[in-house]
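Student: Protein chains in written order, with this note's numbering: chain F, 3 to 188; chain Y, 16 to 277.
Built from N, CA and C at the ideal position, the CB exists for glycine as well.
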């Protein structure tokens, strides 16, 4: 039985000019690309434009993709560059504000109504604190925890070295913890 | 730290509940875009910058007392760089011995932090080479209006020392959003010019026999102290920062350096 092609196989085929293979790459990565761009731009419309433009530019730059390299950081870097350009042009017009899904139901065994209400309240408070962080702190936390990007993917998305991701994340978590503790005492 | 571990656990739980905007369907749109022929770049001889470039070229030709052959090609690369192709390169006086900054017209020695405090753009450093051994800053009137920063890598494993510059890699950065300065490249027959893309940014790879590099200041004046022979060079525009990566490098090495800039 013919299995699903791996990302590496798709990239190799796309590098040889197979546009259908590249279409499959776009299909696989469009969600993470769009959400990464959204976290950077804070605007759904800008994120859509950045992701689309990023995929087009990545296709034209396929010759620079090194065989054997990880495709996700490579693609995310290109999309994130596009997103940063748009965010820069937009200035402070858009500010990322993440929201909770109203109909979210945790996947675990059904908690009691009280436990569910407490958990929902905890999520609401924590997200409010994340939204109040500086842009730099919010970006690194959103990249690692909400987009679930790896260290090198976060580095690519934020355009900073991987070592800086670690130190920036550590500082952002400390500040978030302090605010959470202040909130709990208040 | 247990509090941090607990916070991370709460963030993990929170991630499942984020209300993301619906992901748009991009596959068909991207497919349509990559199938469409790319718009041709505007001919170099159109536009006011090309006109300025042409004037600068005439001035340069006069200064060098050198007449380009009838087949000479001049191109405006939209990277603040004028490329002229000539049948035979004029002879360049070897750089006098002295400090690197003086010898190569790089400006004054400084540190990354000091340079960053003087320029408006974010200075990009290649993660693949690490911190530079030396940093130079060239400010007006000798440099472009927003200044120019050069990162010097004296030696790095796997990189040869360039016979022209005496160092392994030179990375020069200037603000490309200011349309007021030009760099110039004069290529002979033994030098190739190839269009490349680095992380989605347009660029050019100049390789082969050494070519001539020169600088025109904000007023379009040719700075003869900057006339020198240069080795292989990758020119890119990284989101408004014009970057030159020069050294005795191959294309893959130069592209890898460029791709690691952040």
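What would DSSP say about residue 48 of chain Y, mapped onto helix, strand or coil?
Tutor: Against the second chain, residue 48 of chain Y aligns to sequence position 33. Helix at residue 48 of chain Y.
Student: Can you tell me the Cα-Cα spacing of residue 2 of chain F and residue 180 of chain Y, whole angstroms?
Tutor: Within the shown structure, residues of chain F are numbered from 3 to 188, placing residue 2 of chain F beyond reach of any answer.
Student: Starting from residue 153 of chain Y, follow its DSSP beta bridges and name the residues at the other end.
Tutor: Taking the second chain and counting its residues from 1, one reaches residue 153 of chain Y at position 138. Answer is Y/163.
Student: Please list, in chain order, all residues of the same chain as residue 48 of chain F whose beta carbon is under 6 Å from its beta carbon, the five residues on each side excluded.
Tutor: Against the first chain, residue 48 of chain F aligns to sequence position 46. When the five nearest sequence neighbours on each side are left out, the beta carbons in the same chain lying within less than 6 Å of the beta carbon of residue 48 of chain F are those of 88, in order along the chain.
Student: Count the other CB atoms, across all protein chains shown, that sit within 10 Å of the CB of residue 59 of chain F; report buried if there are 16 or more and exposed otherwise.
Tutor: As a working mapping, residue 59 of chain F is identified with position 57 in the first chain. So residue 59 of chain F ends up on the buried side.
Student: Taking one C-beta from the segment 147-160 of chain F and one from the segment 131-139 of chain Y each time, how about it: are there three or more such pairs within less than 8 Å?
Tutor: no
Student: Around the Cβ of residue 269 of chain Y, are there at least 16 other Cβ atoms within 10 angstroms (buried) or fewer (exposed)?
Tutor: To locate residue 269 of chain Y, count along the second chain from 1; it is residue 254. Residue 269 of chain Y should be labelled buried.
Student: Counting only the same chain and skipping the five closest in sequence on each side, list residues whose C-beta sits under 6 Å from that of residue 247 of chain Y.
Tutor: Position 232 of the second chain, counted from the first residue, corresponds to residue 247 of chain Y. Cβ within range, chain order: 222 and 264.
Student: How should residue 56 of chain Y be labelled, buried or exposed, when 16 other C-beta atoms within 10 angstroms of its C-beta is the threshold for buried?
Tutor: Position 41 of the second chain, counted from the first residue, corresponds to residue 56 of chain Y. Confidence is the limiting factor: at residue 56 of chain Y the pLDDT is only 43, short of 50, which leaves the residue's position unreliable, though a coordinate-based value still follows. Residue 56 of chain Y comes out exposed.
Student: From what residue to what residue does the beta strand (DSSP E) around residue 56 of chain F run?
Tutor: Here the question's residue 56 of chain F lines up with position 54 in the first chain. For residue 56 of chain F, no beta strand (DSSP E) run applies; the uninterrupted alpha helix (DSSP H) run containing it begins and ends at 46-62, by DSSP.
Student: Under a three-way DSSP split, which group does residue 25 of chain F fall into?
Tutor: As a first step, residue 25 of chain F must be located in the first chain, where it is residue number 23. It is helical.
Student: Looking only at its own chain, which residues have a Cβ that is under 8 Å from the Cβ of residue 139 of chain F, when we skip the five neighbours before and after it?
Tutor: What you label residue 139 of chain F is simply residue 137 of the first chain in a count that begins at 1. Taken in chain order, the residues that qualify are 170, 173, 174, 177 and 178.
Student: Just verifying my parser: in three-state terms, what is the DSSP assignment at residue 182 of chain F?
Tutor: For the purposes of this step, residue 182 of chain F is identified with residue 180 of the first chain, where counting begins at 1. Residue 182 of chain F: helix per DSSP, three-state reduction.
Student: Apart from the five residues just before and just after residue 185 of chain Y, which ones in its own chain have a Cβ nearer than 7 Å to its Cβ?
Tutor: As a first step, residue 185 of chain Y must be located in the second chain, where it is residue number 170. Apart from the 5 residues on each side of it in sequence, residue 185 of chain Y sits with its Cβ closer than 7 Å to the Cβ of 165, 167, 261 and 262 in its chain, given in chain order.
Student: Between the segment 39-60 of chain F and chain Y, which residues of the former have CB atoms less than 7 Å from a CB of the latter, in chain order?
Tutor: 40, 46, 50, 53, 54, 56, 57, 58, 59 and 60
Student: Does the beta carbon of residue 19 of chain F come closer than 8 Å to any beta carbon on chain Y?
Tutor: As a position in the first chain, residue 19 of chain F is number 17, starting the count at 1. So, not an interface residue.
Student: Where do the N-terminal and C-terminal ends of the beta strand (DSSP E) with residue 217 of chain Y fall, by residue?
Tutor: Counted from its first residue, the second chain places residue 217 of chain Y at position 202. Taken as a continuous stretch (DSSP letters only), the beta strand (DSSP E) holding residue 217 of chain Y covers 216-223.
Student: Considering Cα atoms alone, identify which of Y/255, Y/182 and Y/208 is closest to residue 83 of chain F.
Tutor: Residue 83 of chain F sits at position 81 when you count from the first residue of the first chain. For the residues Y/255, Y/182 and Y/208, the minimum Cα distance to residue 83 of chain F belongs to Y/255.
Student: Which residues does DSSP pair with residue 101 of chain F in a beta bridge?
Tutor: Taking the first chain and counting its residues from 1, one reaches residue 101 of chain F at position 99. For residue 101 of chain F, which the question treats as bridged, DSSP gives no partner whatsoever.
Student: Bridge partners of residue 186 of chain Y, per DSSP?
Tutor: Position 171 of the second chain, counted from the first residue, corresponds to residue 186 of chain Y. Residue pairing from DSSP places residue 186 of chain Y in a beta bridge opposite Y/166 and Y/260.
Student: When you compare the CB positions of residue 35 of chain F and residue 77 of chain F, do they come within less than 8 Å of one another, or not?
Tutor: Position 33 of the first chain, counting from 1, holds the residue named residue 35 of chain F. Position 75 of the first chain, counting from 1, holds the residue named residue 77 of chain F. Yes, the pair counts as a contact, with Cβ atoms nearer than the cut-off.
Student: Quick check on the burial criterion: 16 or more other C-beta atoms within 10 angstroms. Buried or exposed for residue 19 of chain Y?
Tutor: For the purposes of this step, residue 19 of chain Y is taken as the residue at position 4 of the second chain. Around the CB of residue 19 of chain Y, fewer than 16 other CB atoms lie within 10 Å, so the residue is classed as exposed.
Student: Could you compute how far the alpha carbon of residue 62 of chain F sits from the alpha carbon of residue 215 of chain Y?
Tutor: Taking the first residue of the first chain as position 1, residue 62 of chain F is located at position 60. Taking the first residue of the second chain as position 1, residue 215 of chain Y is located at position 200. Taking the straight line from one Cα to the other gives about 8 Å.
Student: For residue 226 of chain Y, which beta-bridge partners are listed by DSSP?
Tutor: As a first step, residue 226 of chain Y is located in the second chain; it is residue number 211 there, counting from the start. Beta-bridge pairing links residue 226 of chain Y to Y/245.
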